[in-house]
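Read top to bottom, the protein sequences are chains A and B.
Taking my numbering, I'd label the letters of the first sequence as residues 1 to 408.
Taking my numbering, I'd label the letters of the second sequence as residues 1001 to 1120.
C-beta: ideal position from N, C-alpha, C; glycine also.
Data block below; observations after.
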Amino acid sequence: MAETKRPNSPAASYDGPPDYRVIGRHGVFPQTSHDEIERINFLAQMNRHLAARVVPGVKAAYDARVAPGFAAAHGRPIATRHEARKAMLEDPAFCTWSALRRMTMEQRQQAGRWTVIRQREELNERGKALIEGDDRLVLNPALAIPRYVSAVDHHCMPGSYHREYAPDDFTNGANYDHAGFVTTGGLLGKYSDGGGHAVVQWVKKNLPDFAPKKILEFGGTVGHSSLPLAAAFPDAELTIVDLGAPVLRYGLARAKSLGINNVRFVQASAEDLTGIFEDGSFDWVQTTMFLHELSTRALRNIFAESHRLLRPGGIVLHVEQPQYAPDMPLFEQAMRDWDAFYNNEPFWSRMHEMDLDAEMERAGFDRAKIIHGGVYGVVDREIFPDAAEDNTEDYGRKAAWHVIGAVA
Amino acid sequence: MSFNDALNEAGAKPAGKRPYFLDPQVERVLAITMSLMQELAVAHQRADTLERLLKAKGVLVEGEIDTFAPDASASAERQMWNQEYIARILRIVQQENEAATLSDDVASGEMADDMVRDAG
């Protein structure tokens, strides 16, 4: 290392996302050409540039122009994050940053979809060969996709997690998996699983005697955050529930190819799993970066289902971006709200102001047994940036999360 | 046929109305520009990959590109490429400047109306 990190050498001064080529591949990962890889590298650098070099200008404009301008016009300071956001919509710094951030997401979706769709038939065959006849995948083609998922495609991902373009289709799982690097800049590690490793580390440290046998993850999509749980508790059986057939199909093929076999994938709505799982049949219910893609009603149903499904003494853990606490500056709240209004995450804003403790209690959990914590993405630090040491704030996208949970 | 599917579907609109932050005309041009910026980065990295491979195979020597001096003929070809490239891209500036010097320029639609009037 010392040799490559001479003063003024590129390796010594470089601070940013790693080259995409360090990403971990598996049996159902799409082929990526040189130029497709460089498109992803460029877009990851765009997000890095926007966060590191443009956002400070948006903040400066807020302090110098937006907040004083609002105060002068209204005779009082900005009082809510919505006022802050609407005032910033009148300011060129926020608008330029927003336009570029939106376009970067649109370009990322286009780039990822191009790669997957051009090889769709071959990819679908490869995936099918990995999972054909495997009873660990249970799909329900009659499942109705709720409006909070179908009306607005989350993070501008056409067709979201559920749309299928061909029989036995893997397209939207493969797009979601292989190009998510653009948004995280490697902060989630080689297999985009830094969130799962963080959960495992937190559980092993804070609940050292916890030995789950049955684990359930709601909204686990392709298993990014789930497989570390299955790997850390090899005697347990992990079940992933999700609405989207393409991500579940892809998830099983990916898990098998990565040698993780104690996982099942079930297409269902986590709002109502009666008839699929019995009361008290799980030791652990997990969600990771999932709650913000629901609705108020769905969140309440899912909290209630987690309570129903846990055995007494079982654990539920939700990992999410931090809530809008009163001490969080309005500028930060407004910037974090960006995804709700401009990146098709409509529940993000409302969810982050909810009193989650009260919602847990409403679902039947004992307030005295509620758990709070905080985690950072856990990655191979030789290659990937470490979220705990990264001072760049990419509001809502950094791999730094809160944990809220409860003992049933 | 996946190539045509990719052409049709890769850039599909996600469900949900698109927000605009700038004048929509400006934002449209910026979006096109950002895609070009991306493709320029891709082209640059491809050239860099080629250079590194050629060096690794001993075809190119370190520093050879930076010290490259085209002969007179190559130099002329390369500078002409630059001139053509700029003129091609700045076509609209040329056309707007030419228009500014004209007092009797007429729109095709106006000309059509004239023709109708002329036919009586």
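Three-state secondary structure assigned by DSSP to residue i
i	result
Gln119 of chain A	coil
Ala406 of chain A	strand
Pro10 of chain A	helix
Val1026 of chain B	helix
Ile315 of chain A	strand
Glu217 of chain A	strand
Phe233 of chain A	coil
Glu3 of chain A	The predicted model places Glu3 of chain A with a pLDDT of 47, which falls under 50 and marks its position as unreliable; any figure quoted below should be read in that light. Glu3 of chain A falls in the coil class under three-state DSSP.
Glu1065 of chain B	For clarity, residue 1065 of chain B is Ile in the given sequence; the question names Glu instead. If DSSP states are grouped into helix, strand and coil, Ile1065 of chain B belongs with coil.
Asp177 of chain A	helix
Arg264 of chain A	strand
Gly145 of chain A	Looking at the sequence shown, residue 145 of chain A is not Gly but Ile. Looking at Ile145 of chain A - three-state DSSP - the assignment turns out to be coil, as it is neither helix nor strand.
Asp1048 of chain B	helix
Ile240 of chain A	strand
Ser1058 of chain B	Inspection of the sequence shows that residue 1058 of chain B is occupied by Gly rather than by Ser. Gly1058 of chain B falls in the coil class under three-state DSSP.
Met157 of chain A	coil
Val222 of chain A	coil
Gln1038 of chain B	helix
Residue-level contact to chain B via CB, residue i, 8 Å cutoff
i	result
Arg299 of chain A	Correcting the residue identity first, residue 299 of chain A is Leu in this sequence and not Arg. Answer no: the Cβ-Cβ gap between Leu299 of chain A and chain B never drops below 8 Å.
Asn8 of chain A	no
Arg102 of chain A	yes
Ala2 of chain A	Caution is warranted here: a pLDDT of 44 is assigned to Ala2 of chain A, below 50, making its placement in the model unreliable, and the coordinate value is therefore given only provisionally. No, Ala2 of chain A does not count as interfacial toward chain B.
Asp153 of chain A	yes
Ile117 of chain A	yes
Trp114 of chain A	yes
Tyr20 of chain A	no
Tyr342 of chain A	yes
Phe233 of chain A	no
Leu413 of chain A	Beyond the ends of chain A as shown, which are 1 and 408, falls residue 413 of chain A; an answer cannot be given.
Val403 of chain A	no
Ser98 of chain A	yes
Arg474 of chain A	Residue 474 of chain A lies beyond the residue range present for chain A, which begins at 1 and ends at 408; the question has no answer from this structure.
Phe331 of chain A	no
Phe42 of chain A	yes
Arg147 of chain A	no
Asp327 of chain A	no
Counted within 10 angstroms of its Cβ, other Cβ atoms place residue i as buried (16 or more) or exposed
i	result
Val247 of chain A	buried
Ala2 of chain A	Caution is warranted here: a pLDDT of 44 is assigned to Ala2 of chain A, below 50, making its placement in the model unreliable, and no coordinate value can be reported.
Ala198 of chain A	buried
Gln442 of chain A	Any property of residue 442 of chain A remains undetermined from this structure, which presents chain A solely from 1 to 408.
Gly189 of chain A	buried
Glu36 of chain A	buried
Pro1024 of chain B	exposed
Thr392 of chain A	buried
Thr115 of chain A	buried
Trp97 of chain A	buried
Lys398 of chain A	buried
Asp169 of chain A	buried
Gln1095 of chain B	exposed
Phe1068 of chain B	exposed
Val486 of chain A	Outside the displayed span of chain A (1 to 408) sits residue 486 of chain A, for which this structure offers no information.
His360 of chain A	Checking the displayed sequence, the identity of residue 360 of chain A turns out to be Met instead of His. Looking at its Cβ environment, which holds 16 or more other Cβ atoms inside 10 Å, Met360 of chain A is buried.
is_contact[residue i, chain A] using C-beta, thresh 8 Å
i	result
Gly1011 of chain B	yes
Ser1108 of chain B	no
Pro1019 of chain B	yes
Met1115 of chain B	no
Phe1068 of chain B	no
Arg1046 of chain B	yes
Ser1035 of chain B	yes
Gly1016 of chain B	yes
Ala1056 of chain B	no
Ser1075 of chain B	no
Gln1025 of chain B	no
Leu1022 of chain B	yes
Interface residues of chain D facing residue i [CB-CB closer than 9 Å]
i	result
Leu1030 of chain B	The chain labelled as chain D is not found among the protein chains of the depicted structure, namely A and B.
field: Contact between the stretch 206-219 of chain A and the stretch 277-288 of chain A (3+ Cβ pairs under 8 Å)
entry: yes
- request: Could I get the ranges of all uninterrupted alpha helix (DSSP H) runs contained in the stretch 76-143 of chain A, with 4 residues as the minimum, in chain order?
  value: Whole alpha helix (DSSP H) segments, 4+ residues: 81-88, 92-117, 120-131.
- request: Decide yes or no for the touch test of the stretch 116-129 of chain A against the stretch 78-86 of chain A: beta carbon pairs closer than 8 Å, at least 3 of them.
  value: Verdict: no, contact absent.
field: Complete runs of the beta strand (DSSP E) confined to the stretch 341-404 of chain A [at least 3 residues]
entry: 370-376
Cβ contact (3+ pairs, closer than 8 Å) linking the stretch 142-152 of chain A and the stretch 242-261 of chain A: yes
- prompt: Which whole runs of the alpha helix (DSSP H) in the stretch 274-335 of chain A are 4 residues long or more, in chain order?
  reply: 296-309
task: Kindly confirm or deny that the stretch 179-196 of chain A and the stretch 17-32 of chain A touch, where touching means at least three C-beta pairs closer than 8 Å.
output: yes
task: Specify whether the stretch 1004-1011 of chain B and the stretch 338-356 of chain A touch according to this definition: at least 3 beta carbon pairs, one from each stretch, less than 8 Å apart.
output: no
- prompt: Touch check for the stretch 296-304 of chain A and the stretch 322-334 of chain A: three-plus C-beta pairs under 8 Å?
  reply: no
At least three beta-carbon pairs within less than 8 Å, the stretch 168-186 of chain A to the stretch 249-261 of chain A: Result yes; three or more Cβ-Cβ pairs closer than 8 Å.
field: At least 3 beta-carbon pairs within less than 8 Å: the stretch 202-209 of chain A vs the stretch 379-388 of chain A
entry: no
task: Please determine if the stretch 263-279 of chain A and the stretch 130-141 of chain A are in contact, where contact requires at least 3 C-beta pairs separated by less than 8 Å.
output: yes
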